[in-house]
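Student: Here it is: the structure, laid out below.
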Amino acid sequence: MNLNNTKIILASQSPRRCELMKQAGFDFEVIKSDITESINNAAPSTVVEELSLQKANDVLDKLLKHLDLSLMAYNDLSLLVIGSDTIVSKDKIIMGKPKSREDAFSMLHSIQNNTHQVYTGVTLLVYDFNSQNKSVHSFHECTNVTLYPMSDCEINQYISSGDCYDKAGGYGIQGHFAIHIKSIQGDYNNVVGLPIARLYQEIKNL
2 MNLNNTKIIL
12 ASQSPRRCEL
22 MKQAGFDFEV
32 IKSDITESIN
42 NAAPSTVVEE
52 LSLQKANDVL
62 DKLLKHLDLS
72 LMAYNDLSLL
82 VIGSDTIVSK
92 DKIIMGKPKS
102 REDAFSMLHS
112 IQNNTHQVYT
122 GVTLLVYDFN
132 SQNKSVHSFH
142 ECTNVTLYPM
152 SDCEINQYIS
162 SGDCYDKAGG
172 YGIQGHFAIH
182 IKSIQGDYNN
192 VVGLPIARLY
202 QEIKNL
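Numbering-wise (the numbering used here), the sequence shown opens with residue 2 and increments by one.
This is the structure in structure tokens:
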């Protein structure tokens, strides 16, 4: 895959994913997906891959609706749309982003003083303007995260900071919540929201 002739689109407005993409040196644009996330009872790895695919497809469809594919300007060019989704799982219970204070407390209380899994699914959607063909490659990473014990007061203090509501499992590892992280087994960036090293390797192998 020739990245010099490829426009990279990140189908996410997550500032954490954007920062990881920038750190890795990718030249990209951001287009947000508007799909409504619906988590079912399937395996976490399946859920994150499916949601990442839905996000990538949504953004590609938006782009193609506004492009005149007959223009010569698109000859020999391609699009790479990157969709991503992250969830937390504990004892086979899938946790997305908390919808309320009570929801956030329940999530954090269930994972404190224990080990949980963070899954991030990524879809690489490549569209070739010459052939108008679309290829799809999805993968996921899983990281084990162990937390120290947290009192109800500590949980409530963190929730009051407001940092919990836009993050799977109700916490962000890169912020103040880091003081509650006992150990990590796997990719730290995967917990942040994007396994950037794995992503780079997967793009190399396309």
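In this text, a Cβ means the ideal position worked out from N, Cα and C, and glycines have one as well.
1. Applying the 10 Å Cβ sphere with the 16-neighbour rule, what's the burial state of Cys154?
2. Might you give, ordered along the chain, the residues of its own chain that have their beta carbon closer than 6 Å to the beta carbon of Glu30, omitting 5 neighbours on each side?
3. Under a CB-based cut-off of 8 Å, is His181 close to chain B?
4. Any idea what DSSP makes of Glu38, helix, strand or coil?
5. Measuring CB to CB, does Ala25 end up less than 8 Å from Tyr201?
6. Look at the alpha carbon of Cys19 and the alpha carbon of Val123, and state the distance between them as a whole number of angstroms.
7. CA-CA distance, Lys135 and Lys98?
8. Which residues share a DSSP beta bridge with Asn145?
9. Less than 6 Å between C-beta atoms, sequence neighbours within five positions excluded: which residues of the same chain meet that for Arg17?
10. Considering only residues of the region 151-178, which uninterrupted alpha helix (DSSP H) runs meet the minimum length of 4 residues and lie entirely inside it, listed in chain order?
11. Which term fits Leu207, buried or exposed, when burial requires 16 or more other beta carbons within 10 angstroms of its beta carbon?
12. Between the alpha carbons of Thr37 and Met96, how many angstroms are there, rounded?
Tutor: If we stick to the structure as given:
1. Around the beta-carbon of Cys154, fewer than 16 other beta-carbon atoms lie within 10 Å, marking it exposed.
2. Ile10
3. Given the protein chain composition of this structure (a single chain), no chain B is represented.
4. It is coil, neither helix nor strand.
5. Between Ala25 and Tyr201, the C-beta gap is smaller than 8 Å, which places the two residues in contact.
6. 14 Å
7. 31 Å
8. Gln118 and Gln186
9. Once the five neighbours on either side are set aside, the close Cβ partners of Arg17 are Val193 and Gly194.
10. 153-161
11. exposed
12. 16 Å
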